[in-house]
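One structure below.
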Ligand SMILES: NC(=O)c1ccc[n+]([C@@H]2O[C@H](COP(=O)([O-])OP(=O)(O)OC[C@H]3O[C@@H](n4cnc5c(N)ncnc54)[C@H](OP(=O)(O)O)[C@@H]3O)[C@@H](O)[C@H]2O)c1
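Numbering (this note's numbering), first residue to last: 382 to 656.
Spelled out as structure tokens, the structure:
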């Protein structure tokens, strides 16, 4: 019998959630978008909105906002997972990050919640360059970050959405932790060079000091937690701890992950990096 209950997609208008919603909808699986613009409205900061969003759903894709690395994220995800399980919704797929204390704490809490869990522990998304905070610098022709030659295995949000789709619609993924990376380590300078080539533009990469970076972040008038997060990611997490490739995409999807150059060419063709 076809299950007519929707799947709740938290962050369902964001980088991975939007792509997951598209995949499920195409296959005729009903979805409910869990975000501040969803109906009913879901807001991580307003726990009273969680129960109504969970009403009558069969499973949840949990993408935390602003970032699962932010202090306190684990407790909030824990409270949400426990509410879901108490409401009878036990199938939970958690989007997590690599080498981040708070993210790994959140994973442990979801595992301990009594849910039938799957964890997608992901590398940096390629889409940070086209749908995230780096787009402004790329359009301006210069990306300045406090990170040198460390390699990051950027993962495409399409691969994450494919993995989440499979985990939510096919058997065999309960109790699995998939560490998802792209197929190649690139420095940020390499990634910017690939984008510049694909976009046919001159875009420089400059390594700046942490102090210079902190000053430039402060000048942008960002919310304090976002400024904290950028510093955490660039001073702590990008220290080489994640400089490894994994077979997670192969394990869950039975195919290789998308390469950054394919992402760069496809995305350049949309005109998002043209000015
Ligand atoms: N980006 C990366 O490289 C990366 C890597 C590994 C793991 N992750 C993890 O992935 C998760 C998502 O990160 P992302 O960068 O891809 O963000 P994103 O999903 O693109 O974030 C935007 C989404 O969050 C929703 N949102 C914003 N404020 C909200 C609130 N207060 N309550 C509920 N929903 C809210 C937005 O919808 P509305 O505006 O409608 O509310 C939108 O759907 C984070 O937990 C992050 O730690 C990210």
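Even glycine gets a Cβ: it sits at the ideal position worked out from N, Cα and C.
Restricting attention to 511, 529, 602 and 416, the CA atom closest to the CA of residue 567 is found in 529. Beta bridge pairing from DSSP links residue 415 with 391. With respect to the 8 Å criterion, residue 556 and residue 498 are classified as neighbours on the basis of their beta carbons. Contact between residue 389 and residue 434 holds, since their C-beta atoms are separated by about 6 Å, short of 8 Å. Collapsing the DSSP output to three states places residue 508 in a helix. When DSSP reads this structure, residue 557 sits in a beta bridge with 499. A straight-line Cα-Cα distance of about 34 Å links residue 630 and residue 590. Under the 8 Å Cβ criterion, the stretch 431–446 does not count as touching the stretch 512–529, having fewer than three qualifying pairs. Residue 536: not part of any beta strand (DSSP E); DSSP gives it neither H nor E.
Counting along the chain, residue 444 sits inside no beta strand (DSSP E), nor does DSSP assign it H or E at all.
The continuous beta strand (DSSP E) containing residue 585 extends over residues 585–588. With contact defined as three or more Cβ pairs closer than 8 Å, the stretch 535–552 and the stretch 489–497 are not in contact.
Pairwise C-beta distances place the stretch 448–468 in contact with the stretch 476–492, as three or more of them are shorter than 8 Å. In the DSSP secondary-structure assignment, residue 478 is bridged to 503. Looking at the backbone, the Cα of residue 642 and that of residue 586 are separated by about 17 Å.
Secondary structure remark: continuous beta strand (DSSP E) runs of at least 3 residues inside the stretch 567–654, in chain order: 585–588.
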